[in-house]
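Protein chains in written order, with the working numbering: chain A, 1268 to 1462; chain B, 12 to 236.
Built from N, CA and C at the ideal position, the CB exists for glycine as well.
All figures in this text were calculated on a predicted structure; none of them were measured in a lab.
Since the structure comes first, as structure tokens, the remarks are kept for the end.
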């Protein structure tokens, strides 16, 4: 498959180089919000939306910064951009779906420090993607994050009902589970050359 | 260290040592996991990442605590993030100048120090409420604890995954490396194993260790989040 094609970029971010399980981005919400399946799903939706908005805006900002030779401001402007995108999502949710807004609670503002989102913006810049490629990359990344967190939440819901030795308390067992999930996802590497 | 006392409460060793083990940012608080897993495939990378994080942590906490009376409450998070981003940009260019090879190995993860929850968390929870001296000492302790955790992971992964430590061959050449340890799953599994080991030691010390079979009939383990 052509590594530049839109479908490959999507598939690459979605499965082959999954943000959570292969690149270790966005682990904090992955461990923190994956206790219940529906919360995890809502979190995934909000994250994917912020990812899409900030990735498209980051593309535009990068064009402006490069044309003025201000590359050293890239990091600061991306972070400011993501913080405002999260604020935007917060306002939209508050207006149109107050129940979802309450369900996500503290995790909504914490999307700002989700490294997957800054990761998308930084990777698309360093790989020199054009606009459509960036869109495809961010959609794939959001879908991949959602897949990983929902899978994890499903597994953890099952775990709550099983009897475990108490050395597996806190996050120890979640980490082992994530390791096994990550091993499984390595199987997708056969889908194409890793870009 | 003890010389930098302030008027209210003395700076004690406790603040410094808390971060290293008792409140270790990785093993106890589970903060800043992304770089912990992503760059620890060798001891060298772990050390470099740890040092970069210490620098950003100490500088940003120092500045935050120095400015803590001037920053309005409403915009504090934004201000912290911008302070942190400034120091990260500095580190980014410094590492690029010192060793381009290392820079390429760590990749985007140097810039991703910005979103390391440990640094923002310490700025919000400690530096914004405490004096300059205390904040610097605490940040130094936390940073050392973070580096310790990184090296503990990096050591195991490099030893098992390549048979080397810091590039020196440890096992004989007949050793078949566990390549999976250097790959992403190894990061999760090694961190999980360290956490299991730490839980085991802690629980044995307090005498609360329960094996599965003795607990299987009477208690269902409590759901933990």
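*Which runs of the alpha helix (DSSP H) fall wholly inside the region 1285-1313 of chain A and span at least 4 residues, in chain order?*
1294-1299
_Outcome for residue 81 of chain B when other beta-carbon atoms lying within 10 angstroms are tallied against a minimum of 16_ = exposed
*Short-range partners of chain B found in the region 1375-1397 of chain A, where Cβ spacing is below 9 angstroms*: 1376, 1377, 1379, 1380, 1381, 1382, 1383, 1384, 1385, 1386, 1389, 1390 and 1393
_Pair within 8 angstroms by beta-carbon distance, residue 1433 of chain A and residue 214 of chain B_ = Taking 8 angstroms as the cut-off, the Cβ atoms of residue 1433 of chain A and residue 214 of chain B count as close.
*Is it right to say residue 1389 of chain A is buried, meaning 16 or more other beta carbons lie within 10 angstroms of its own, or is it exposed?*
buried
*In the DSSP assignment, find the alpha helix (DSSP H) that holds residue 192 of chain B and state where it starts and stops.*
Here residue 192 of chain B belongs to no alpha helix (DSSP H), and DSSP marks it neither H nor E.
*Would you say residue 47 of chain B and residue 37 of chain B are within 8 angstroms of each other, going by their C-beta atoms?*
yes
*Can you tell me whether residue 232 of chain B is buried or exposed, with buried defined as 16 or more other CB within 10 angstroms of its CB?*
Its pLDDT being 47, under 50, residue 232 of chain B is placed unreliably by the model, and the measurement read from it follows with that caveat. Classification of residue 232 of chain B: buried, given that the 10 Å Cβ count is 16 or more.
*In terms of alpha-carbon separation, which member of A/1376, A/1278 and A/1296 lies closest to residue 1456 of chain A?*
The option with the nearest alpha carbon to residue 1456 of chain A is A/1278.
*asked:* For a minimum of 4 consecutive residues, which ranges assigned as the alpha helix (DSSP H) are wholly contained in the region 93-139 of chain B?
replied: Within the region 93-139 of chain B, the complete alpha helix (DSSP H) segments at least 4 residues long are 111-117 and 128-133, listed from N- to C-terminus.
*Identify whether residue 78 of chain B lies in helix, strand or coil by the three-state DSSP scheme.*
coil
*Within 8 angstroms (strictly less), CB to CB, does residue 100 of chain B reach chain A?*
Under the Cβ criterion of 8 angstroms, residue 100 of chain B is counted among the residues facing chain A.
_Between residue 115 of chain B and chain A, is the shortest Cβ-Cβ distance under 8 angstroms, so that the two count as touching?_
no
*Would you list the residues sitting across from residue 180 of chain B in a DSSP beta bridge?*
Residue 180 of chain B has B/175 as its beta-bridge partners, per DSSP.
*Kindly indicate which three-state DSSP category residue 1430 of chain A falls into: helix, strand or coil?*
coil
*Tell me whether residue 56 of chain B sits in a helix, a strand or coil according to DSSP, three-state version.*
helix
*Answer with yes or no whether the minimum CB distance from residue 1295 of chain A to chain B is below 8 angstroms.*
yes
*Which bits of chain B does residue 1445 of chain A rub up against, with CB to CB less than 7 angstroms?*
199
_Taking CB distances under 8 angstroms as the criterion, tell me whether residue 1449 of chain A reaches chain B._
yes
*For the region 73-103 of chain B, enumerate the residues whose C-beta is nearer than 9 angstroms to any C-beta of chain A, in chain order.*
88, 89, 92, 93, 95, 96, 97, 99, 100 and 103
*With hydrogens ignored, establish whether the beta-carbon of residue 1391 of chain A is closer than 7 angstroms to any heavy atom of the ligand ATP.*
By its list of ligands, the structure shown contains no ligand whatsoever, and the ligand ATP lies outside what it can speak to.
*With respect to the alpha helix (DSSP H) encompassing residue 1264 of chain A, which residues constitute its N-terminal and C-terminal limits?*
As displayed, chain A neither begins before 1268 nor continues past 1462, which places residue 1264 of chain A out of reach and without an answer.
_Distance between residue 1361 of chain A and residue 58 of chain B (C-alpha atoms, nearest Å)_ = Computed Cα separation, rounded: 44 angstroms.
*What residue does the alpha helix (DSSP H) around residue 1387 of chain A start on, and which one ends it?*
Residue 1387 of chain A -> alpha helix (DSSP H) spans 1382-1393.
_Alpha-carbon to alpha-carbon, residue 1334 of chain A and residue 40 of chain B_ = 42 angstroms
*Determine the closest residue to residue 73 of chain B out of B/147, B/173 and B/132, with distance taken between C-alpha atoms.*
B/147
*asked:* I need the straight-line Cα distance from residue 236 of chain B to residue 1436 of chain A, nearest angstrom please.
replied: Residue placement at residue 236 of chain B is poorly supported in this model, since its pLDDT is 45, which falls under 50; the coordinates are not used for a value here.
*Would you say residue 107 of chain B faces chain A, with C-beta separation under 8 angstroms as the test?*
no
*Could you tell me the boundaries of the alpha helix (DSSP H) in which residue 46 of chain B lies?*
44-49
*Exposure label - residue 109 of chain B; buried when at least 16 CB within 10 Å*: The residue is exposed, with fewer than 16 neighbouring Cβ atoms inside 10 Å.
*For residue 71 of chain B versus residue 27 of chain B, is the C-beta distance shorter than 8 angstroms?*
no
*How about residue 1461 of chain A: is its C-beta nearer than 8 angstroms to some C-beta of chain B?*
Because the pLDDT at residue 1461 of chain A is just 49, under 50, the model does not fix this residue reliably, and the value given afterwards should be weighed accordingly. Answer no: the Cβ-Cβ gap between residue 1461 of chain A and chain B never drops below 8 angstroms.
_Cβ-based burial, residue 1338 of chain A [other Cβ within 10 Å; buried from 16]_ = exposed
*Start and end of the alpha helix (DSSP H) containing residue 1450 of chain A?*
1439-1453
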